[in-house]
Amino acid sequence: MKKIKLSKLLQAQGFGARRACEVMILDGRVRVSGELATDPGALVLAEALPVEVDGAPWTCRAHLYVALNKPPNYECSRKPSHHRGVLSLFPSMFSLRNIQPVGRLDHDTTGMLLLSDDGQFIHRQASPKHYVPKTYEATTLDPVTPDLIASLLAGVLLHDEPKPIAAAACRQLGPRRLEIVLEQGKYHQVKRMLAAVDNRCEALTRTAIGKLWLKDLGLAEGEWRFLTDAQLRFLAPDARKE
Ligand code: URA
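Just so we're aligned: 1010 in this note's numbering is position 142 of the sequence shown, and the numbers increase by one with no gaps anywhere.
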């Protein structure tokens, strides 16, 4: 494993500019593996190194992979215009590391949102070739009927789409509630599919991405957590079929 200068590591972790990190160390604000750090140029093994800045513990990570239980009235955009941005729910050092939502949820959609600072991961998750199925629960204005479910499974024609789009799975959960699994990531897809069958989506929550279920993460609305390697494997494109 490669060694890296402590000040450079702190900068890469999002603690601030290089010079600011050097000053932090010289001011005695940083501990590494429990020991007070005094030399900004000290070489350290970065991966999983436990550091403390101003007494707050932090485990160094090459990349951030987090799941958020998105509350309503937050925008996924980096420059939100009408509501607060989801990035405001994270420590500011995450923004310094350029963490971004992996795909988007509408401002009024709740549930599982992944964020990362790993460009390759984000790209792969967004690519139609590697598309990971997404599961949603929708509350509808009008009753859910067997015909409605059958139409969603057969495919519906959306404006601006050349051919009908079908749900990968769909089942009724209640008189006005359904679960739908999508294998495409079209803009407002659930809402548009429900509109196409003459119903209306009144509330929407994303309950799973691949085989990673929000209920298993134990996150209240607005809470987030780092994903483990095992949880990241649940996001493989064919994870749902295993
Ligand atoms: N489909 C929608 O209509 N909205 C979302 O936020 C996600 C999927």
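In this text, a Cβ means the ideal position worked out from N, Cα and C, and glycines have one as well.
Quantities reported herein were computed from a predicted structural model and do not represent experimental measurements.
(Q) Going by DSSP, what residue range makes up the alpha helix (DSSP H) through Gly861? (A) No answer is possible for residue 861: it lies beyond the span of the chain, which begins at 869 and ends at 1110.
Open item on the list: Can you confirm whether the segment 1063-1072 touches the segment 996-1011 when touching is taken to mean that 3 or more C-beta pairs between the two stretches lie within less than 8 Å?
Closed with: yes
Checking the sheet assignment: what are the DSSP bridge partners for Ala930?
Position 62 of the sequence shown, counting from 1, holds the residue named residue 930. Paired residue(s): none; Ala930 is not in a bridge.
On the DSSP letters alone, give me the boundaries of the beta strand (DSSP E) that Ser984 sits inside. Translated into the one-based positions of the sequence shown, residue 984 becomes position 116. Start and end: 978-984.
task: Determine which residues share a DSSP beta bridge with Glu920 and list them.
output: Here residue 920 is taken as the residue at index 52 of the sequence shown, counted from 1. Per DSSP, Arg899, Pro925.
Return helix, strand or coil for Lys1079, following the three-state DSSP convention. On the sequence shown, residue 1079 is found 211 positions in, with the first residue counted as 1. In the structure shown, Lys1079 sits in coil (DSSP, three-state: anything other than H, G, I, E or B).
For this session: Return helix, strand or coil for Val1000, following the three-state DSSP convention.
Result: To locate residue 1000, count along the sequence shown from 1; it is residue 132. Coil at Val1000, not helix or strand.
**Asked** Helix, strand or coil for Lys1059 per DSSP?
**Response** What you label residue 1059 is simply residue 191 of the sequence shown in a count that begins at 1. It is helical.
| message | Using a Cβ-based criterion (distance less than 7 Å to any ligand heavy atom), does Asp974 qualify as near the ligand URA? | response | Walking along the sequence shown from the start, residue 974 turns up at place 106. Because some heavy atom of the ligand URA lies under 7 Å away, the Cβ of Asp974 counts as near it: yes.
Quiz prompt | Whole-angstrom C-beta distance between Cys928 and Ala910, which should lie under 8 Å | solution = Within the sequence shown, residue 910 is the residue found at index 42, counting from 1. Within the sequence shown, residue 928 is the residue found at index 60, counting from 1. No, Ala910 and Cys928 are not in contact; Cβ-Cβ is about 14 Å, not under 8 Å.
Check your understanding: Out of curiosity, what's the CA-to-CA distance linking Leu1050 and Val1000?
Key -> Mapped onto the sequence shown, residue 1050 falls at position 182. Mapped onto the sequence shown, residue 1000 falls at position 132. For Leu1050 and Val1000, the distance between alpha carbons rounds to 9 Å.
Which partner residues does Gly953 have in the DSSP bridge list? Working through the sequence shown from its first residue, we reach residue 953 at position 85. Per DSSP, Glu943.
Q) Just reading off the beta strand (DSSP E) that Phe1094 is part of, what are its end residues? A) One-based indexing of the sequence shown puts residue 1094 at position 226. In the DSSP assignment, Phe1094 falls within the beta strand (DSSP E) that extends over 1092-1094.
Practice prompt. Under 8 Å by Cβ, that's how I've got Thr1075 and Gly979 pegged, so tell me the actual separation to the nearest angstrom.
Written response: Position 207 of the sequence shown, counting from 1, holds the residue named residue 1075. Position 111 of the sequence shown, counting from 1, holds the residue named residue 979. The Cβ separation is near 6 Å, so the contact holds.
By Cβ distance, which residues of its chain are closer than 7 Å to Arg972, with the 5 residues on each side in sequence left out?
For the purposes of this step, residue 972 is identified with residue 104 of the sequence shown, where counting begins at 1. Exclusion of the five residues before and after Arg972 leaves Cys944 as the residues of its chain whose Cβ lies within less than 7 Å of its Cβ.
Check your understanding: For the ligand URA, is there a heavy atom less than 7 Å away from the beta-carbon of Thr1073?
Key -> Taking the sequence shown and counting its residues from 1, one reaches residue 1073 at position 205. Thr1073: no, Cβ never under 7 Å from the ligand URA.
Checklist entry - Going straight from the alpha carbon of Phe962 to that of Gly882, what length do you get? => result Locating residue 962 in the sequence shown gives position 94, where the first residue counts as 1. Locating residue 882 in the sequence shown gives position 14, where the first residue counts as 1. If I take the Cα positions, the gap works out to 6 Å.
Boundaries (first-last residue) of the alpha helix (DSSP H) holding Ile1048:
The residue you call residue 1048 lines up with position 180 of the sequence shown. Premise fails: Ile1048 lies in the beta strand (DSSP E), 1045-1050, not in any alpha helix (DSSP H).
Query raised in the report: Does the Cβ of Lys1109 have 16 or more other Cβ atoms within 10 Å, making it buried, or fewer, making it exposed?
Result: In the sequence shown, the residue the question calls residue 1109 occupies position 241. At Lys1109, the pLDDT of 44 sits below 50, so the modelled position is not reliable; the number obtained from the coordinates is stated separately. Exposed.
### Message
Taking 7 Å as the cut-off, is the beta-carbon of Lys871 closer than that to any non-hydrogen atom of the ligand URA?
### Response
Residue numbering aside, residue 871 sits at position 3 when the sequence shown is read from its first letter. Because no heavy atom of the ligand URA lies under 7 Å away, the Cβ of Lys871 does not count as near it: no.
My output table needs one value for Ala1018: the three-state DSSP class, helix, strand or coil.
Here residue 1018 is taken as the residue at index 150 of the sequence shown, counted from 1. DSSP places Ala1018 in helix when its eight states are reduced to three.
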